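Colleague: The sequence shown maps to residues 9 to 416 in the numbering used here.
Note that CB positions come from ideal geometry on N, CA and C, so glycine has one too.
These figures come from a predicted structure and were not determined experimentally.
The following block contains the structure, expressed as structure tokens.
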Amino acid sequence: MAPDLEAVDFAGQFRVLVTQGTTSESTTDTTVFTGQVVEAHEDIHGINISGGGALALEESQAGILAVSPGAELETVQLLCQQTEQILVLEGVDTPSIETFHFEVLLTGIEVPEEQSWMGVDLVPVVSSQIRSFGPFASVRGKLEELWGAPTARARAFVRAAGLVEADRMGMERVDLVINALNAQSSYAFSHDPSGNFIPFHRAQLRAQARIIPVVYSCALEKHRYWTHDSGLLNQPSVDLTFQTTRGKKMPQHDPADSIRLALASLRDASDESRSFIERCHSLSTTLEYYASEIRMESIVSRVDMKKVVAAIDSIGLDDQAKERLRQVVRQANQPPLFERVRKQAEENRVPVTTGEWELLKRIRKVRNDTSHGRKEASSTPTAEDLRWATSVVARLVMFRWSAEPATN
Numbered sequence: 009m010a011p012d013l014e015a016v017d018f019a020g021q022f023r024v025l026v027t028q029g030t031t032s033e034s035t036t037d038t039t040v041f042t043g044q045v046v047e048a049h050e051d052i053h054g055i056n057i058s059g060g061g062a063l064a065l066e067e068s069q070a071g072i073l074a075v076s077p078g079a080e081l082e083t084v085q086l087l088c089q090q091t092e093q094i095l096v097l098e099g100v101d102t103p104s105i106e107t108f109h110f111e112v113l114l115t116g117i118e119v120p121e122e123q124s125w126m127g128v129d130l131v132p133v134v135s136s137q138i139r140s141f142g143p144f145a146s147v148r149g150k151l152e153e154l155w156g157a158p159t160a161r162a163r164a165f166v167r168a169a170g171l172v173e174a175d176r177m178g179m180e181r182v183d184l185v186i187n188a189l190n191a192q193s194s195y196a197f198s199h200d201p202s203g204n205f206i207p208f209h210r211a212q213l214r215a216q217a218r219i220i221p222v223v224y225s226c227a228l229e230k231h232r233y234w235t236h237d238s239g240l241l242n243q244p245s246v247d248l249t250f251q252t253t254r255g256k257k258m259p260q261h262d263p264a265d266s267i268r269l270a271l272a273s274l275r276d277a278s279d280e281s282r283s284f285i286e287r288c289h290s291l292s293t294t295l296e297y298y299a300s301e302i303r304m305e306s307i308v309s310r311v312d313m314k315k316v317v318a319a320i321d322s323i324g325l326d327d328q329a330k331e332r333l334r335q336v337v338r339q340a341n342q343p344p345l346f347e348r349v350r351k352q353a354e355e356n357r358v359p360v361t362t363g364e365w366e367l368l369k370r371i372r373k374v375r376n377d378t379s380h381g382r383k384e385a386s387s388t389p390t391a392e393d394l395r396w397a398t399s400v401v402a403r404l405v406m407f408r409w410s411a412e413p414a415t416n
């Protein structure tokens, strides 16, 4: 008997038995195939699931706008990275460290002349001057159609072992500069930290420099290069045809404010143009909004709480230490986030597996480690981890919205 279509989270990893006709049945004893569900629909026989070891390769191949003949191996590595495949290559020498030229285009930033900051060159781009597009000149029409006219290029030179690593290192360096420029733009104090006067224009508070998600990398010694997007050129659109099926069961009433905020932060978490760490923070914020209205039983009575707080006065500590202790004691009836999330999920009768709870805890740990500057910070999750976690959190939010009575 096939499971209920609405009780399956297709974004997660699945064990499926794949037949020649690309349909499958769920299996719990023998793992014949492990991968992602690519497509699923109901028919008279139950659920037909088309599985794949990764996302369709055509999606990633379309993201490569230009590639040199000598970059076949690195192109395969890029495709496997974008589709979450694990690639094992035998008999291939470890790549040597080389110098790479890395560039991206920018919007929302005016550069009157070329200048450098923190190892990144900012170069002006003029739409009427093809040469100003540098290595992006051959694809400028497509880029302008998708993102509008770029106003600058960001260029960096990095030492890396291969084009994939050069992409990562170059983007990290440019990200830092763009984030710093945006912070400087919104800085509205009259003097900088060194005491220098800063001229101010209110419009700068709304200014935001952005990176167009298409990169160029080139190995200078051996002149291997590619120009590719970061997966967004072929990002699918939301399909409203689901309104004829699942849409009829979607909540029609206005959500509570906490659900509105959860939906907004969930949108940030699903934005694959943002860094993995940023998306972990957005997922964690979504969970906080999701569980913000749940009420838990107190484990310490009000009378006992007053006794403990009063007893702190008799401890031989300074006033600052005593106040810190009082704050800790008062938090005794404030349970950890996941206790509140699980309680809310139980009330809404949300189906969540043990593995999915563990995945959300790992995402939360990344947020906590990076927020508190722990040196033993958690390992960065994979793209598939984040997609799955986003799907689970979306399930939590939608179940709560559906379970709550209409207020309008």
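Would you be able to state if there are at least three C-beta pairs under 8 Å between the stretch 369-385 and the stretch 257-275?
Modeller: Counting C-beta pairs closer than 8 Å gives fewer than three between the stretch 257-275 and the stretch 369-385, which falls short of the contact rule.
Colleague: Specify whether the stretch 113-132 and the stretch 168-176 touch according to this definition: at least 3 beta carbon pairs, one from each stretch, less than 8 Å apart.
Modeller: no
Colleague: Does the separation of the CB atoms of L113 and R163 fall below 7 Å?
Modeller: no
Colleague: When burial is assigned at 16 or more other CB atoms within 10 Å of the CB, is P120 buried or exposed?
Modeller: exposed
Colleague: List the whole-angstrom C-beta distance separating T235 from F165, where the pair is believed to meet the contact cut-off of C-beta under 8 Å.
Modeller: The pair is not a contact, with the Cβ atoms about 17 Å apart (cut-off 8 Å).
Colleague: State the Cα-Cα distance for the pair K351 and E366, rounded to the nearest angstrom.
Modeller: 16 Å
Colleague: Is F205 closer than 7 Å to H199 when the C-beta atoms are compared?
Modeller: Using a Cβ distance threshold of 7 Å, H199 and F205 count as a contacting pair.
Colleague: Helix or strand or just coil, what does DSSP make of A397?
Modeller: helix
Colleague: Would P158 and E111 be called neighbours here (beta carbons separated by less than 7 Å)?
Modeller: no
Colleague: Specify the secondary structure class of T115 as computed by DSSP and reduced to three states.
Modeller: Reduced to three states, the DSSP call for T115 is strand.
Colleague: Hey, which unbroken runs of the beta strand (DSSP E) at 3 residues or more fall wholly within the stretch 134-213?
Modeller: 160-168
Colleague: Counting pairs of Cβ atoms below 8 Å between the stretch 268-281 and the stretch 391-403, do you hit three or more?
Modeller: yes
Colleague: Keeping to the same chain, check which residues put their C-beta closer than 6 Å to that of K330; ignore five residues upstream and five downstream.
Modeller: Within the same chain, K330 has close Cβ partners I320.
Colleague: Just list the residues that DSSP pairs H109 with in beta bridges.
Modeller: F165, C226
Colleague: Where do the ends of the alpha helix (DSSP H) carrying H289 lie?
Modeller: 284-298
Colleague: Does DSSP put Q260 in a helix, a strand or coil?
Modeller: coil
Colleague: Quick one: give me the first and last residue of the beta strand (DSSP E) that S124 is part of.
Modeller: 123-125
Colleague: Using CA atoms only, rank isn't needed, just tell me which of G324, A411, S193, K314 is closest to R218.
Modeller: Nearest option by C-alpha distance: S193.
Colleague: Under the three-state reduction of DSSP, which class applies to L325: helix, strand or coil?
Modeller: coil
Colleague: Rank L213, E280, H231, A191 by C-alpha distance to the C-alpha of I220 and give the top, closest one.
Modeller: In this structure, E280 is the residue among L213, E280, H231, A191 with its C-alpha nearest to the C-alpha of I220.
Colleague: By DSSP, does P120 sit in helix, in strand, or in coil?
Modeller: Here P120 carries a coil assignment [DSSP, helix/strand/coil].
Colleague: If you follow the alpha helix (DSSP H) that A217 is in, where does it begin and where does it stop?
Modeller: Segment: none, A217 is in no alpha helix (DSSP H) and carries neither H nor E.
Colleague: Helix, strand or coil for I72, going by three-state DSSP, please let me know.
Modeller: strand
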